[in-house]
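Below is one structure, written out as structure tokens, with a few remarks after it.
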Amino acid sequence: MDMMAKEYKAQRKQALQALHDAAQIGDLSKVASLFDAHKEFSPNITRKGKNTILHTALFHNQEGALLDYLIQKGADVSFVNCKGYSPIIVAITHCKDCIALGKLVAAGAKYDAVLDSGTFAGMTPLQVAEKFTNEKAIAFLTRLLANKDATPTIIDDETPKNKKICPICKTLVRYPTQMSRLKDNQAQVEENYRVHGDFGKRKKKSKVYTSSKYLDQFLNHADGETWRKLSGIEFHSTENMKLRKEISETYAVLHAVQECCDRLSGICPATDRALELKDLFVIDLCSGKGITSALGAALFPNNNHFLSIDKMLEHTVPHYFFNNEEHITYMSRDIFSNEILHELQTLVHQHTLQGRTTILVGMHCCGILSERAIELFENIPDIKGIVLSPCCLPKKHELMKRKLEFEPPTTKGENPYPAWCSYLKQRVKYNKSPDGMSDVWMYNDLEMHTEKNYIVAGVR
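Residues 271 to 730 (this note's numbering) make up the sequence shown, in order.
Below you can see the structure in the form of structure tokens.
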């Protein structure tokens, strides 16, 4: 085989791997772009185990837009892999809800045929559902078999209790959302602490996690209207998050941003200063699911814009990024890439022309991510303030690779976190930007539901 043929084969193999990787996480845009770039790829192209892209998507519980795309593109809903799994069997055994099953049946998958090969040879899909105790699939298939003229979809009347289909991603989710249960959750934690004191196997300082100052500020803002808005089904992606902790961290950051604004305006910072953020462009670096940006944009829409940046793919972030584009946007980026600096320079300049002051924030940036935040601050002079709440220390090889001057404490048992925060404070104070710093400060915010509660901030 000549060199060109080998190279083509390698590229094809790499593209096929990328297709399956994207299907696992439901990255529709990546899957579509790969199919567009490789016209020779059939929607039923297989790899190891004779799994199609549809198989891979279903094995990873993808029941939304990617599944719709693959079916529309002509994916074979009856294709059987080496183990005898057809897409309908994968949907029964691996998908949490019954949405994928309904879509496959609607697309022509045989729900009443006896399987003739593989692990479940001689069984019907209903018997497979019974074997896996998939109650939703059992009810769905039983109804179809009782009346083969029935429309193969899941109707609202059969939606399980405390579940609802999100109107945006069409996924069956828990409802009411965790956000709507915040008051009850806080009351339960306070009662547990009152009765048991420091509880749990690790005997953490439980008092830290019962503080309600910032939570009360959030719940009472605009007579609770903001809280009610963020409690809608569209924000179900926060369901598995430690929301009380996230809210305490967000408010700690927003209060630090307020102090940056006050110092830039020559106002003497005051304790318990009421938040009144306006005319700001806030860059939320390493934002995760973007709670800081979501709350900030919902609480203070006064000519403010919040930009969340993280490596998470756009389709995986909560829907609040797509319901309030005027005040909040999301960018999926590697913050160590060369492109991010130029993109941010352009965006900061645009927002500055619109009368906004730019503040860069990093809530619990792990390891060298805090150092990277300072580097971006150094290289974009139009960013007027920085707020960091550092998290864990960099690994030893990261310190050596980036030639950082930080030296962890050598005393046995000494917590290195304060020393790391002090180092970052010095990095902010003596950063390499030509403008220098007018003020840098550091403090503990004891209202945060975490023991890593240092805030490092500075303005120029």
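By construction, the Cβ of each residue, glycine as well, lies at the ideal position given by its N, Cα and C atoms. None of the values given here were measured: they were computed from a predicted structure.
From Tyr445 to Ser356, what distance separates their C-alpha atoms?
Indexing the sequence shown from 1 puts residue 445 at position 175. Indexing the sequence shown from 1 puts residue 356 at position 86. Rounded to the nearest angstrom, the two C-alpha atoms are 32 Å apart.
Given this structure, state the Cα-to-Cα distance separating Gly502 from Glu519, to the nearest angstrom.
Counting from one through the sequence shown, the residue named residue 502 turns up at place 232. Counting from one through the sequence shown, the residue named residue 519 turns up at place 249. Straight-line Cα distance between these residues: approximately 22 Å.
So the candidates are Asp486, Ile579, Glu595; which of them puts its Cα closest to the Cα of Ile517?
To locate residue 517, count along the sequence shown from 1; it is residue 247. Nearest C-alpha to Ile517: Asp486.
I believe Ala370 touches Leu337 by the beta-carbon criterion, under 8 Å. Please report the beta-carbon distance rounded to the nearest angstrom.
In the sequence shown, residue 370 corresponds to position 100, counting from 1. In the sequence shown, residue 337 corresponds to position 67, counting from 1. Going by Cβ atoms, the distance from Ala370 to Leu337 rounds to 6 Å, so yes, they are a contact pair.
One question on the structure: do Lys334 and Gly378 come within less than 8 Å of each other, judged by their Cβ atoms?
To locate residue 334, count along the sequence shown from 1; it is residue 64. To locate residue 378, count along the sequence shown from 1; it is residue 108. Reading off the sequence shown, one finds Gly at residue 334, where the question assumed Lys. Cβ atoms of Gly334 and Gly378: not closer than 8 Å.
Pick from Thr541, Asn573, Lys366, Trp497: whose alpha carbon is nearest that of His330?
Residue numbering aside, residue 330 sits at position 60 when the sequence shown is read from its first letter. It is Lys366 whose Cα lies nearest to the Cα of His330.
If the criterion is Cβ atoms closer than 8 Å, does the pair Ala293 and Thr326 meet it?
For the purposes of this step, residue 293 is taken as residue 23 along the sequence shown, with counting starting at 1. For the purposes of this step, residue 326 is taken as residue 56 along the sequence shown, with counting starting at 1. Against a cut-off of 8 Å, the Cβ pair of Thr326 and Ala293 comes out as a contact.
CB Ala302 to CB Tyr339, shorter than 8 Å?
Numbered from its first residue, the sequence shown carries residue 302 at position 32. Numbered from its first residue, the sequence shown carries residue 339 at position 69. For Ala302 and Tyr339, yes; Cβs fall inside 8 Å.
Between Ala361, Val360, Asn314, which has its C-alpha nearest Gln342's C-alpha?
Within the sequence shown, the letter at position 72 stands for residue 342. Checked all of Ala361, Val360, Asn314; the closest Cα to Gln342 is Asn314.
Determine the extent of the beta strand (DSSP E) in which Ile656 is found, giving its start and end residues.
For the purposes of this step, residue 656 is taken as residue 386 along the sequence shown, with counting starting at 1. Ile656 -> beta strand (DSSP E) spans 653 to 659.
For Gln281, does the count of other Cβ atoms within 10 angstroms reach 16, so buried, or fall short, so exposed?
As a working note, residue 281 is residue 11 in the sequence shown. Answer is exposed; the Cβ neighbour count stays below 16.
Where does His325 sit, in a helix, a strand or coil, going by DSSP?
Numbered from 1 along the sequence shown, position 55 holds the residue referred to as residue 325. It is helical.
Where do the ends of the beta strand (DSSP E) carrying Lys629 lie?
Translated into the one-based positions of the sequence shown, residue 629 becomes position 359. It is worth fixing the name first, because residue 629 is Ile in this sequence and not Lys. 627 to 633 is the span of the beta strand (DSSP E), which, as asked, contains Ile629.
Among residues of its own chain, excluding the 5 on either side of Gln624, which ones have a beta-carbon nearer than 6 Å to its beta-carbon?
Residue mapping note: residue 624 aligns to position 354 of the sequence shown, counting from 1. Cβ within range, chain order: n/a, list empty.
Out of Ser607, His575, Asn649, state which residue places its alpha-carbon closest to the alpha-carbon of Thr622.
Against the sequence shown, residue 622 aligns to sequence position 352. If we check each option's Cα against that of Thr622, His575 comes out closest.
From Asp600 to Asp306, what does the alpha carbon distance come to, in whole angstroms?
By one-based count along the sequence shown, residue 600 stands at place 330. By one-based count along the sequence shown, residue 306 stands at place 36. The sequence shown places Tyr at residue 600, rather than the Asp named in the question. Distance between the alpha carbons of Tyr600 and Asp306 is about 25 Å.
By DSSP, does Lys309 sit in helix, in strand, or in coil?
Residue mapping note: residue 309 aligns to position 39 of the sequence shown, counting from 1. Lys309: coil per DSSP, three-state reduction.
Is the region 686 to 701 touching the region 613 to 622 in the sense that three or more CB pairs, one from each, lie closer than 8 Å?
Because the criterion of three Cβ pairs below 8 Å is not met, the region 613 to 622 and the region 686 to 701 do not touch.
Please determine, among Arg730, Leu513, Val587, Asn572, the residue with the shortest C-alpha to C-alpha distance to Val459.
Here residue 459 refers to the residue found at position 189 when the sequence shown is read from its first residue. Per the Cα distances, Leu513.
Report the three-state DSSP secondary structure of Met712 (helix, strand or coil).
Your numbering for residue 712 matches position 442 in the sequence shown. If DSSP states are grouped into helix, strand and coil, Met712 belongs with the strands.
In whole angstroms, what separates the C-alpha of Gly388 from that of Asn351?
For this step, residue 388 is matched to residue 118 along the sequence shown. For this step, residue 351 is matched to residue 81 along the sequence shown. Between Gly388 and Asn351, the C-alpha separation is close to 9 Å.
Does the region 632 to 646 touch the region 654 to 671, meaning 3 or more C-beta pairs lie closer than 8 Å?
Touching, yes, given that three or more Cβ pairs across the two stretches are closer than 8 Å.
What first and last residue would you give for the beta strand (DSSP E) that runs through His551?
The sequence position of residue 551 within the sequence shown is 281, counting from 1. Note that residue 551 is Phe in the sequence shown here, rather than His. Element bounds for Phe551: 550 to 555.
Asp652 and Thr680: beta carbons closer than 8 Å?
To locate residue 652, count along the sequence shown from 1; it is residue 382. To locate residue 680, count along the sequence shown from 1; it is residue 410. No, the Cβ-Cβ distance between Asp652 and Thr680 is not below 8 Å.
How long is the line joining the alpha carbons of Arg626 and Cys636, rounded to whole angstroms?
To locate residue 626, count along the sequence shown from 1; it is residue 356. To locate residue 636, count along the sequence shown from 1; it is residue 366. Taking the straight line joining both Cα atoms gives about 28 Å.
What three-state label does DSSP hand His719 in the structure shown?
To locate residue 719, count along the sequence shown from 1; it is residue 449. Of the three classes helix, strand and coil, the one that applies to His719 here is coil, per DSSP.
Using 8 Å as the threshold, is the C-beta distance between Lys654 and Leu545 below it?
Taking the sequence shown and counting its residues from 1, one reaches residue 654 at position 384. Taking the sequence shown and counting its residues from 1, one reaches residue 545 at position 275. No, these two residues do not count as a Cβ contact at 8 Å.
So is Tyr479 in contact with chain D if we call contact Cβ pairs under 8 Å?
Absence of chain D from the displayed structure is noted, only one protein chain being present.
Find out if the Cβ-Cβ distance for the pair Val375, Leu414 is shorter than 8 Å.
Here residue 375 corresponds to residue number 105 of the sequence shown, with the count starting at 1. Here residue 414 corresponds to residue number 144 of the sequence shown, with the count starting at 1. Yes, the pair counts as a contact, with Cβ atoms nearer than the cut-off.
What's the call for Ala568, buried or exposed, on a 16-neighbour Cβ count within 10 Å?
For the purposes of this step, residue 568 is taken as the residue at position 298 of the sequence shown. Answer is buried; the Cβ neighbour count reaches 16.
So is the beta-carbon of Asp272 under 7 Å away from any non-hydrogen atom of the ligand NAD?
Of ligands this structure carries none, so the ligand NAD is not represented either.
Can you tell me which of Met393, Ser348, Gly392, Gln696 puts its alpha carbon nearest to the alpha carbon of Lys373?
For this step, residue 373 is matched to residue 103 along the sequence shown. For Lys373, the nearest C-alpha among the options comes from Ser348.
Would you kindly report the start and end of the unbroken beta strand (DSSP E) that includes Met670?
Numbered from 1 along the sequence shown, position 400 holds the residue referred to as residue 670. From DSSP, Met670 is part of no beta strand (DSSP E) but of the alpha helix (DSSP H) over 666 to 671.
Whole angstroms are fine: how far does the CA of Lys499 sit from the CA of Val398?
Indexing the sequence shown from 1 puts residue 398 at position 128. Indexing the sequence shown from 1 puts residue 499 at position 229. Near 42 Å, if we compare the C-alpha coordinates of Lys499 and Val398.
Rounding to the nearest angstrom, what Cα-Cα distance links Thr363 and Lys300 in this structure?
Reading the sequence shown from its first residue, position 93 is the one you call residue 363. Reading the sequence shown from its first residue, position 30 is the one you call residue 300. Those two C-alpha atoms are separated by around 26 Å.
What distance in whole Å lies between the Cβ atoms of Lys722 and His634, which are believed to be in contact at a cut-off of 8 Å?
As a working mapping, residue 634 is identified with position 364 in the sequence shown. As a working mapping, residue 722 is identified with position 452 in the sequence shown. His634 to Lys722, Cβ: 7 Å. Contact.
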